[in-house]
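Residue numbers (our numbering), protein chains in the order written: chain A, 215 to 679; chain B, 3 to 483.
We put the CB at the ideal spot given by N, CA and C, even for glycine.
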């Protein structure tokens, strides 16, 4: 198989398969070879052969925290080493039913807790644009694999920015759908009220195709709704009359090169017939604080099941307390332990109102901020990340600096609304992401706007061979 | 100088509240599709959801909500328009997720009552799995091995909490029986205390008679019969009285009552109380009963024992105790009501025959396992009331009907139990008088009790078919006594 496939989007590959010009098995095997040869640490597991029925779509790289029957699924945690789930996540099953097979399981921050992929229990992932830098996180493996051409497309999860931020740092498209658009059944939970599955792809059309297959109401997830109505493929090339509110351009930590690329994109919006105005999200600056109470609180309960009793490794000297303590001591990484402790503290009697209660109030205020903004504009735009990809190891000693990497992406999951990151240019030779957020279930509109901008920007991915 | 401590001679009164856990008799578990089971092989009714596998999510069982609504309505509770589930966090091997999904600040039902006892709340939750410890004390610490059977894990539970409205152990047990009868009548649970489908905890405190503030309470856990519940509470009341009279203070703790030894042991002191870190369960949407759900639950409620007892007492003019007995054992109540329908005017007799004769013959046997039909039973009682047969003949017929069923008149006929014809009886009486001249002498001499010998002779001759009173009257008439 020639490397011609590398130049094609997943949609174009699917068209070749459908036209009979390529067999799905050939396509699968090509990508399997690419994935197996990955040198960036993107994969934790790669399919060992072509499945009997190779489907009708190019195979998909799946973040490790999605449960796939019989396939190692560890959420990149040592505490799930060797765990092979007895069932498959609804989102993955939906893709399989649509014709996309699982190519491999991608590396991530352990239990999706991180913004650099350095918290993986199985080693970091390198950014294909500069291998001394992080790919972002937590879906760092999925982002790096798509950017480096070791996967045609991928899925990940976004809790506070875990799809959009790595997409931004790796120069690809990443979308977090509305909470409830995609079933969470089979996604190893980090923070249940925030977690949402979404696509990481080469372009906006691929993202729309994956999302179309992923979404849907699932009887196994009572919080799932699906996206009402049809999700048409994006076609827009103009933005006439579309109103954009821009937010967060005055922030202290915003790198000038990132600001330049974003400003250039705002200028393109106007060229394409759209309007741009500044918009206030007064509570958004408290998003990180609220997020780092709510997400750890939910995580502290979600991670209680890893006790060595029913699955995963078990250590300890046989006494119950020692079984719990030693298994969890050995199995969890530092960041996971930090968040379990923060969350446990925030929920404790006497502190609940001050922490969890206050954080929930901020969450409500942020949702109100967005609701007010959407009375004035159709979409709220901003940088996806204040910086381009940072050096491996640069922030590992400073958790707070790491948490701020999610500054622009945290408010949307807190409000439950969808947002996309598309590459909009380079700064210091590294990609910059442009974020477009819209009201709940405005995925079709967001994809259309992103499509028009993508055409105009004409971003070239990292040169790969 | 000696200090004389006045002995505490105050009288104390107990204040008791009950917490009840009821396993619902749904087809499947609370949050997954596994079948409910009891006594099946361990870990055969499990799935990724009820084993708490990574990535799984709970989905609320609609039938469990229906049953819980019925229960809340049976107690006249206010139904919350939107009740929510919380996570109750604690580590234990019988709790696969590390938290129990339960209701917390907004339960499904509140402010109800059952009889005179106010119901504080009615809420839904899931049961834990079953732990079996071997070696050591039978508790987890010190056990050689512990194994977990997850079949029970996730069984739907309804927790019912009363206000502290009970003032004696006997009252608490009586309330428990009414509650059990009520839930059984509704068909929402097996309410079997030995199998654990009905579990009772008691909160007990005592206070000096006439005071209004509550004393420090202790919680008595999981007593598996009404008898043990009553004994356990009595033992705890005595223990607390002893502490207070000795000048001590009752400590808040959770206790276990051992019915074998009658002793109370501490399970958990106040310091060891858990901080459960409750927070709203993000994986579930609120339970918001629609009008349709409410109507369906209301329509599914049968007449409940308390109401039935009142109705039986009023309409059938039964003594309160009999009415209550029939209402609490609803199969007996049903039987009596069917029997009475087929024959008017014998309700009290039918009820008496059920609670005395039939009950004595059945013992622990289920009424449904006999071949006795309500209409046949009514007819039998009618024969006795109309003096067509004697009471003792009636008992003999009843024995036959229980085992073989059939028509009482036919049994009377076949066994020759019909009351002796008056002509026949007259000649038998005459003969008996003639055969017992001594007795006749004694009666005439003012010893009326001597008539027994003559009556006995008549009864022997008629094989009990004659009416004793009637025979006596005939004898006296004949000898002019």
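Local conformation of residue i per DSSP, three classes
i	result
residue 456 of chain A	coil
residue 75 of chain B	helix
residue 338 of chain A	coil
residue 258 of chain B	strand
residue 384 of chain A	helix
residue 265 of chain B	strand
residue 476 of chain B	helix
residue 101 of chain B	strand
residue 410 of chain B	helix
residue 356 of chain B	helix
residue 414 of chain A	strand
residue 208 of chain B	strand
residue 505 of chain A	helix
residue 322 of chain A	coil
residue 259 of chain A	strand
residue 239 of chain B	helix
residue 649 of chain A	strand
residue 201 of chain B	strand
residue 555 of chain A	helix
Test: residue i CB closer than 8 Å to a CB of chain B
i	result
residue 437 of chain A	yes
residue 434 of chain A	yes
residue 458 of chain A	no
residue 511 of chain A	yes
residue 398 of chain A	yes
residue 344 of chain A	no
residue 578 of chain A	no
residue 306 of chain A	no
residue 561 of chain A	yes
residue 714 of chain A	Here chain A covers residues 215 to 679 and nothing more, so residue 714 of chain A does not appear.
Distance, residue j Cα to residue i Cα
i	j	result
residue 100 of chain B	residue 580 of chain A	31 Å
residue 48 of chain B	residue 162 of chain B	27 Å
residue 501 of chain A	residue 462 of chain A	13 Å
residue 476 of chain A	residue 597 of chain A	6 Å
residue 549 of chain A	residue 167 of chain B	50 Å
residue 469 of chain A	residue 351 of chain A	19 Å
residue 459 of chain B	residue 413 of chain B	25 Å
residue 390 of chain A	residue 417 of chain A	15 Å
residue 382 of chain B	residue 420 of chain B	12 Å
residue 492 of chain A	residue 592 of chain A	13 Å
residue 366 of chain A	residue 374 of chain A	25 Å
residue 413 of chain A	residue 348 of chain A	20 Å
residue 391 of chain B	residue 348 of chain B	15 Å
residue 706 of chain A	residue 428 of chain A	Coverage of chain A is limited to positions 215 through 679, which leaves residue 706 of chain A absent and any answer about it impossible.
Chain A contact for residue i (CB, 8 Å cutoff)
i	result
residue 55 of chain B	yes
residue 93 of chain B	yes
residue 84 of chain B	no
residue 62 of chain B	yes
residue 89 of chain B	yes
residue 100 of chain B	yes
residue 107 of chain B	no
residue 29 of chain B	no
residue 50 of chain B	yes
The ligand GTP heavy atom lying under 7 Å from the CB of residue i
i	result
residue 284 of chain A	For the structure depicted, the ligand GTP is absent and the ligand set is empty, with no information on it obtainable.
query = What are the uninterrupted segments assigned as alpha helix (DSSP H) that are 4 or more residues long and contained completely in the region 607-631 of chain A, given in chain order?
reply = 613-617 and 625-629
query = Hey, is the region 510-530 of chain A in contact with the region 621-632 of chain A, meaning 3+ C-beta pairs nearer than 8 Å?
reply = no
message = Tell me whether the region 252-263 of chain A and the region 452-461 of chain A touch, counting them as touching only if at least three CB pairs, one residue from each stretch, are closer than 8 Å.
response = Between the region 252-263 of chain A and the region 452-461 of chain A there are fewer than three inter-stretch CB-CB distances shorter than 8 Å, so the stretches are not counted as touching.
inquiry  = Counting beta carbon pairs with one atom in the region 290-307 of chain A and one in the region 50-62 of chain B, are three or more of them shorter than 8 Å?
reply    = yes
ask   = Three or more beta-carbon pairs under 8 Å between the region 307-325 of chain A and the region 238-252 of chain A, yes or no?
value = Enough Cβ pairs lie closer than 8 Å, so yes.
message = Quick check on the DSSP output: what are the complete alpha helix (DSSP H) runs of length 4 or more inside the region 388-449 of chain B, in order along the chain?
response = The alpha helix (DSSP H) runs of length 4 or more contained entirely in the region 388-449 of chain B are, from start to end of the chain, 393-406, 410-417, 424-437 and 439-446.
query = Are at least three pairs of beta-carbons, each pair with one atom in the region 533-547 of chain A and one in the region 245-263 of chain B, less than 8 Å apart?
reply = no
inquiry  = My parser needs the alpha helix (DSSP H) runs of 4 or more residues fully inside the region 160-195 of chain B; what are they?
reply    = Within the region 160-195 of chain B, the complete alpha helix (DSSP H) runs of at least 4 residues fall at 171-188.
query = Does the region 87-100 of chain B come close enough to the region 319-327 of chain B that 3 or more CB-CB pairs lie under 8 Å?
reply = These segments do not touch.
inquiry  = Any contact between the region 327-341 of chain A and the region 352-363 of chain A? By contact I mean 3 or more CB pairs, one from each, below 8 Å.
reply    = yes
ask   = Per the contact definition of three or more C-beta pairs closer than 8 Å, is the region 17-37 of chain B in contact with the region 192-212 of chain B?
value = yes
request  = Can you check the region 239-302 of chain A for any beta strand (DSSP E) of at least 3 residues that lies completely inside it and give the ranges in chain order?
outcome  = 257-260 and 274-277
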